[in-house]
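Student:
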Amino acid sequence: MAKFSPENTYTLEQFIQAGRMTTVSYNAFSYREPVSNGTIVSILNTIDDYMPEINDYAVNVQLDRLQYMKYRFKPKLLCYDVYGNTEVYWIILRMNGIIDVKDFDYKILKMLRVDDMDTILTNIYNA
């Protein structure tokens, strides 16, 4: 799939009309261990192992000027509006090669359709 191929790009409105998904969390996909002071830290996240497969389902979503301003540096707000929760923002960051929300400054984003996100995360969790 071409990265910014027009036939694989959707407006945000088209994308939001797809519906909402069930709530998931980062911790549900993480292996966590206590450290010396009793704090529990995530040592790895299984989603990282599945990123090539996840990216196979990605579509490009084009933000217009107002949407870009609304969601710039706010991936949780975008995820809430699209998926109905804020818990999957870190997957969107990883899909787009972003590490920090301060770098969430794209007008075209790789995202998963709501049904695909729900199905993929359910399958990974069950595996």
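If you read the sequence shown in our numbering, its first letter stands for residue 581, the second for the next number, and so on. The beta-carbon is built from N, C-alpha and C at its ideal position, and this holds for glycine as well.
(1) Taking C-beta to C-beta, are Asn676 and Tyr686 nearer than 9 Å?
(2) Please go through the same chain and pick out, in chain order, the residues whose beta-carbon is closer than 8 Å to the beta-carbon of Asn635, but skip the five residues on each side of it.
(3) Please report the straight-line C-alpha distance between Asp644 and Phe653, rounded to a whole angstrom.
(4) Got a sec? Which residues, its chain only, sit under 8 Å from Asp628 by beta carbon, not counting five neighbours each side?
(5) Using a Cβ-Cβ cut-off of 8 Å (strictly less than) and excluding sequence neighbours within five positions of Arg612, which residues of its own chain qualify?
Tutor: Let's see:
(1) yes
(2) Met675 and Lys690
(3) 15 Å
(4) Arg674
(5) Ile620, Val621, Ser622 and Ile623
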